[in-house]
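Heads up: the structure comes next, in structure tokens.
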Ligand code: NAP
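Residue numbers (our numbering): 40 to 318.
Written out as structure tokens, the structure reads:
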């Protein structure tokens with residue numbers, strides 16, 4: 040395959056590394072010339088430039104994967120249209136789908152929305168790593184060229200799952216976007232402890248439990264803000280239900296209702312097993 044990647048950061052760079060190791064040809068575009076140079080050094084691309092018109096390898100590209108921040112995806116698809124035509128497929132990796140798939144498909148007939156459910160707290164090309172996607176699920180939305188995009192993600196070890204943009208956004212609000220905000224709130228709450236001695240002690244004592252619960256809140260701030268902005272409605276409804284749960288917990292504490300609290304924790308203990316990644 041010949042694959043183009045626009046946006047050589049954590050996701051775009053990691054995808055390029057895996058594809059090239061599998062023997063595919065990869066060209067890349069990223070705003071910053073230094074990023075293009077680093078991508079070449081890391082082996083994430085065969086050729087890279089800050090603009091499409093500087094590339095020599097555009098003809099006969101099979102798939103272009105847009106890996107820019109969420110806010111730039113639709114505009115990037117628009118900018119690609121003078122350069123690529125069907126049967127070349129354009130796809131993306133953005134963490135929201137409702138704000139992207141309909142406008143992108145209106146611009147380009149062969150657009151398939153995608154979201155690889157893999158990442159780290161890192162950002163930028165220097166965080167790119169091999170095998171980031173292996174064993175994870177990639178969500179794809181129906182569109183012309185779906186089979187080619189499925190093949191691409193299966194090549195780097197992902198299982199693909201097809202669903203509508205709306206269903207995707209509601210599900211990821213629960214398991215990805217809400218956890219980012221809760222985890223960030225936890226970190227910021229600890230820092231509201233008024234006694235500097237207690238705060239320093241908390242820093243010293245924090246172990247694996249705090250590391251796990253704070254991990255996603257300590258990730259890329261730009262990505263967290265864009266996920267909230269572009270998935271606001273689903274996130275607000277998840278947040279309301281979460282606030283009700285937290286209010287119940289607070290009431291039980293205030294009223295010493297330990298049996299209720301224990302039943303609640305029993306439910307959580309049992310229900311956690313229903314998430315594929317928690318078994
Ligand atoms: P990132 O590390 O910040 O990489 C994005 C890169 O895109 C930047 O390094 C930037 O490179 C480049 N860029 C920005 N605007 C551009 C433009 N207009 N044209 C070309 N390049 C541009 O972010 P990421 O974590 O890889 O996220 C990228 C996409 O993946 C987002 O849509 C996100 O929703 C999605 N995603 C992220 C994760 C995750 O956990 N991080 C997981 C799944 C999906 P330079 O400015 O250095 O050239």
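Cβ coordinates follow ideal geometry from the N, Cα and C atoms, glycine included.
Cβ distance (whole Å) where residue i is taken to contact residue j below 8 Å
i, j, result
"residue 135", "residue 227", "Not really, about 24 Å apart at Cβ, beyond 8 Å."
"residue 168", "residue 53", "6 Å"
"residue 222", "residue 255", "5 Å"
"residue 137", "residue 172", "Going by Cβ atoms, the distance from residue 137 to residue 172 rounds to 23 Å, so no, they are not a contact pair."
"residue 104", "residue 123", "Not confirmed; about 12 Å, so no contact."
"residue 176", "residue 159", "Going by Cβ atoms, the distance from residue 176 to residue 159 rounds to 16 Å, so no, they are not a contact pair."
Residue i versus residue j: straight-line alpha-carbon distance, rounded
i, j, result
"residue 152", "residue 260", "23 Å"
"residue 55", "residue 154", "16 Å"
"residue 178", "residue 43", "20 Å"
"residue 108", "residue 116", "13 Å"
"residue 321", "residue 128", "What is shown of the chain runs 40 to 318, which leaves residue 321 out entirely."
"residue 47", "residue 76", "10 Å"
"residue 120", "residue 209", "30 Å"
"residue 236", "residue 253", "21 Å"
"residue 106", "residue 50", "7 Å"
"residue 59", "residue 174", "19 Å"
"residue 187", "residue 130", "10 Å"
"residue 40", "residue 170", "19 Å"
"residue 219", "residue 277", "12 Å"
"residue 273", "residue 207", "10 Å"
"residue 71", "residue 84", "15 Å"
"residue 312", "residue 125", "44 Å"
"residue 289", "residue 297", "11 Å"
"residue 211", "residue 264", "15 Å"
"residue 244", "residue 238", "10 Å"
"residue 91", "residue 216", "33 Å"
"residue 140", "residue 200", "16 Å"
"residue 203", "residue 144", "14 Å"
"residue 61", "residue 205", "33 Å"
"residue 248", "residue 224", "16 Å"
"residue 314", "residue 110", "30 Å"
"residue 156", "residue 257", "18 Å"
"residue 148", "residue 163", "30 Å"
"residue 99", "residue 63", "13 Å"
"residue 275", "residue 230", "25 Å"
"residue 78", "residue 87", "8 Å"
"residue 267", "residue 251", "21 Å"
"residue 146", "residue 45", "17 Å"
Three-state secondary structure (DSSP) of residue i
i, result
"residue 45", "strand"
"residue 163", "coil"
"residue 180", "coil"
"residue 123", "coil"
"residue 391", "Shown here, the chain extends from 40 to 318; a query on residue 391 therefore has no answer."
"residue 82", "coil"
"residue 232", "coil"
"residue 92", "helix"
"residue 173", "coil"
"residue 134", "coil"
"residue 108", "coil"
"residue 240", "helix"
"residue 227", "helix"
"residue 256", "helix"
"residue 6", "Because the chain spans 40 through 318 in this model, residue 6 falls outside it and cannot be assessed."
"residue 168", "coil"
"residue 218", "helix"
"residue 60", "helix"
"residue 117", "helix"
Limits of the beta strand (DSSP E) - the one that residue i falls within
i, result
"residue 131", "128-131"
"residue 190", "Premise fails: residue 190 lies in the alpha helix (DSSP H), 185-194, not in any beta strand (DSSP E)."
"residue 200", "198-201"
"residue 360", "Past the boundaries of the shown model lies residue 360; the chain is included only from 40 to 318, so the question cannot be answered."
"residue 68", "64-68"
Alpha helix (DSSP H) segment containing residue i, residue limits
i, result
"residue 298", "297-310"
"residue 291", "271-293"
"residue 248", "247-253"
"residue 208", "204-211"
Which residues DSSP lists as bridging residue i, in chain order
i, result
"residue 152", "In DSSP, residue 152 forms no bridge with anything."
"residue 103", "43 and 129"
is_contact[residue i, chain D] using C-beta, thresh 8 Å
i, result
"residue 69", "No chain D appears in the structure shown, which is made up of a single protein chain."
Closer than 7 Å: residue i CB and nearest ligand 2 heavy atom
i, result
"residue 180", "Ligands displayed in this structure: ligand 1; ligand 2 is not among them."
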